[in-house]
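In what follows, a structure is listed as structure tokens, so that the remarks can point back to it.
Numbering (our numbering), first residue to last: 10 to 691.
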């Protein structure tokens with residue numbers, strides 16, 4: 010391998026030679042890098058940024074295998090705008106480490122086999138296993154500014170197949186810590202695919218794209234600096250085994266098992282799912298909960314144009330299927346209808362891509378999520394108008410409940426139907442939910458309901474009414490696979506003024522579309538609540554779980570939306586537990602949640618810069634009986650739900666006045682040195 014040393018002394022020697030010419034050119038360059046507010050470089054001194062030009066782009070230009078098996082790859086390293094970079098960090102700032110791997114797809118196979126391997130011996134089991142690895146001991150030769158040829162120490166065997174698809178993978182990291190510009194933009198990887206005999210590539214490994222993984226992972230990152238699925242599949246091949254646990258590191262097996270996590274039959278039976286990585290670091294995936302439901306195969310196997318093997322999941326194999334259904338013993342037939350399966354040849358005989366019915370043995374049928382069944386007619390809510398919605402009166406709601414086809418649904422067929430009234434939208438403090446199954450409906454399906462609740466005489470501003478509910482239907486009725494399912498409607502929320510002032514809908518802080526980037530189709534409380542506008546009605550600043558929490562577990566916990574969502578997604582990084590009790594005193598412990606994204610990226614959930622300070626005036630303090638202190642100001646509640654240390658709480662409390670409120674925006678607002686965006690920059 011190419012040995013790199015610290016940038017310090019060598020860079021400072023070179024800076025005198027480069028600064029006059031380089032800095033002048035860079036400062037005047039019309040295509041100098043433009044950084045965004047979520048990147049550290051955005052806030053750095055412009056002169057430093059103009060010279061250092063943070064970021065890294067790695068591109069493999071060509072590859073070859075000579076007659077004696079010597080493998081070579083030519084690559085380029087540049088900054089984000091194409092300026093060549095020096096691997097040693099002498100003529101340009103920051104040394105760059107580069108590692109490479111080589112692999113091929115054998116004839117008749119669909120996965121890579123790596124040429125570059127190592128033998129790893131477990132200090133626990135004393136078992137040895139071959140693993141795909143990066144090349145060690147090769148040489149770098151500079152051939153142009155920013156361009157290098159790497160000659161592998163590993164050689165292809167003498168009889169290697171020159172007609173097979175080959176690939177070189179490379180990954181690189183640029184060290185700019187000396188300039189306090191360490192950032193996610195200083196990593197990159199690339200894969201070059203070719204056929205050594207010069208023919209066209211016809212066999213590829215293209216099942217899941219990196220951008221699909223990044224719906225949740227923000228960005229995908231493993232082993233510190235490997236960031237693309239295209240690279241990962243070069244080493245995570247069937248040949249790679251963890252000798253400590255015996256677990257396969259093959260990509261489809263490992264990925265399925267990680268995402269099944271807590272739902273693996275073996276984990277439910279009490280055996281943790283663990284693998285041992287570099288320097289004997291143990292990774293325990295037993296608590297992983299896939300937020301999109303692991304039955305949702307196409308959430309990862311996206312059916313996008315151009316993805317060559319997007320439908321690979323429709324071709325069953327023992328390795329892929331057994332990675333999730335790990336209580337199946339294919340050799341004995343246990344949990345496989347007592348039928349042994351000694352090869353993959355006949356898997357598709359029973360497990361066809363799609364059968365005539367859902368919930369059958371076909372791949373799509375067996376993974377049907379009941380609430381998404383194609384046989385459900387759907388429930389569609391609409392609120393047509395609200396009358397008598399003034400302070401001191403009982404509002405009347407006119408609404409419809411229909412199937413997707415437009416056919417009215419008699420309310421007698423609904424299992425639950427509720428109308429929720431809340432206000433004011435400036436910050437909800439009161440809500441009531443009333444049973445709307447007692448509504449009056451006409452032959453045209455138009456229904457009316459008058460609340461028993463009277464809007465307080467002194468009410469001001471805008472109030473909201475939301476509708477929620479479902480009907481229980483039976484799928485495959487009359488068969489042995491009959492099952493009941495809730496066919497839930499999508500919430501509809503309308504707003505109205507109680508005092509004649511302009512209607513002001515509740516502020517938008519996050520978007521459902523962003524939630525569903527990871528959750529696919531967020532739906533909670535028995536599918537009754539599935540829109541953010543409905544959720545925030547109950548999850549308001551003054552609401553806790555007091556009504557559901559056992560007396561022995563008091564005081565109650567805040568379920569304010571901002572406090573709850575931050576604490577849930579913080580999960581295992583919480584410095585004190587976040588446990589909420591739901592209906593029926595069911596305990597929900599979110600201490601083990603493993604958020605797959607980067608918590609610094611507030612924009613992953615927030616819209617319109619809603620995370621930034623100052624917040625709008627008039628927001629209420631949040632009741633936090635189990636928090637570091639109670640109550641918390643609106644900004645403090647948001648910040649301390651992620652920054653859960655005593656020190657952070659003491660800082661916030663010190664900067665909160667009983668008379669004047671929070672001083673957060675003084676240091677963390679706008680373009681200040683410690684603005685929310687700046688301290689979360691990556």
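Glycine included, each C-beta is placed from N, C-alpha and C at the ideal position. Note that the structure is predicted; figures quoted are calculated from it, not measured.
What is the DSSP secondary structure of residue i, reduced to helix, strand or coil?
i: residue 581; result: helix
i: residue 71; result: strand
i: residue 670; result: strand
i: residue 682; result: coil
i: residue 546; result: helix
i: residue 139; result: strand
i: residue 109; result: strand
i: residue 52; result: helix
i: residue 694; result: Since the displayed the chain opens at 10 and closes at 691, residue 694 lies outside it and no answer follows.
i: residue 257; result: strand
i: residue 643; result: helix
Please go through the same chain and pick out, in chain order, the residues whose beta-carbon is closer than 7 Å to the beta-carbon of residue i, but skip the five residues on each side of it.
i: residue 267; result: 294 and 297
i: residue 571; result: 646, 647 and 650
i: residue 325; result: 356, 357, 360 and 372
i: residue 362; result: 323, 371, 372 and 373
i: residue 487; result: none
i: residue 382; result: 367, 484 and 494
i: residue 143; result: 108, 109, 110 and 125
i: residue 680; result: none
i: residue 303; result: 268, 269, 272 and 333
i: residue 554; result: 565, 566, 568, 589 and 590
Could you spell out the range, first to last residue, of the alpha helix (DSSP H) harbouring residue i?
i: residue 693; result: This structure gives no information on residue 693, because the portion of the chain shown stretches from 10 to 691.
i: residue 523; result: 521 to 528
i: residue 126; result: Here residue 126 belongs to no alpha helix (DSSP H); instead the beta strand (DSSP E) covers 126 to 130.
i: residue 275; result: 274 to 277
i: residue 512; result: Looking at the DSSP string, residue 512 is not in any alpha helix (DSSP H), and its letter there is neither H nor E.
i: residue 99; result: Unbroken run through residue 99: none, as it is neither H nor E.
i: residue 661; result: 655 to 663
i: residue 86; result: Residue 86 -> not in any alpha helix (DSSP H); beta strand (DSSP E) instead, spanning 79 to 87.
Tell me the residue span of the beta strand (DSSP E) that contains residue i.
i: residue 60; result: That residue, residue 60, is in no beta strand (DSSP E); its alpha helix (DSSP H) goes 55 to 61.
i: residue 474; result: 471 to 484
i: residue 428; result: 425 to 432
i: residue 393; result: 389 to 396
i: residue 406; result: 405 to 411
i: residue 283; result: 283 to 285
i: residue 443; result: 439 to 444
i: residue 494; result: 492 to 497
Any idea if residue i is buried or exposed, counting beta-carbon neighbours within 10 angstroms, 16 or more meaning buried?
i: residue 340; result: exposed
i: residue 49; result: buried
i: residue 575; result: buried
i: residue 666; result: exposed
i: residue 354; result: exposed
i: residue 288; result: exposed
i: residue 500; result: buried
i: residue 255; result: exposed
i: residue 517; result: exposed
i: residue 533; result: exposed
i: residue 597; result: exposed
i: residue 585; result: exposed
Less than 6 Å between C-beta atoms, sequence neighbours within five positions excluded: which residues of the same chain meet that for residue i?
i: residue 64; result: 88, 89 and 194
i: residue 551; result: 438 and 632
i: residue 237; result: 198 and 219
i: residue 311; result: 221
i: residue 643; result: 624 and 628
i: residue 345; result: 337
i: residue 178; result: 110, 200, 240 and 243
i: residue 39; result: Caution is warranted here: a pLDDT of 47 is assigned to residue 39, below 50, making its placement in the model unreliable, and the coordinate value is therefore given only provisionally. Taken in chain order, the list of residues that qualify is empty.
i: residue 658; result: 637 and 649
i: residue 621; result: 685
i: residue 212; result: 114 and 174
i: residue 674; result: 622 and 623
i: residue 401; result: 466
i: residue 364; result: 371 and 374
i: residue 537; result: 477
Excluding the five sequence neighbours on either side, which residues of its own chain have a C-beta within less than 8 Å of the C-beta of residue i, listed in chain order?
i: residue 292; result: 283, 284, 285 and 286
i: residue 546; result: 429, 431, 437, 440, 473, 475 and 502
i: residue 670; result: 642
i: residue 559; result: 590 and 594
**Study point:** Every unbroken beta strand (DSSP E) inside the region 149 to 231 [3 residues or more]
**Key:** For the region 149 to 231, whole beta strand (DSSP E) runs of length 3 or above, ordered along the chain, are 156 to 164, 174 to 183 and 196 to 203.
Exercise for review: Ignoring anything shorter than 3 residues or poking outside the region 292 to 377, list the beta strand (DSSP E) runs there in chain order.
Suggested key: Here no run is fully enclosed.
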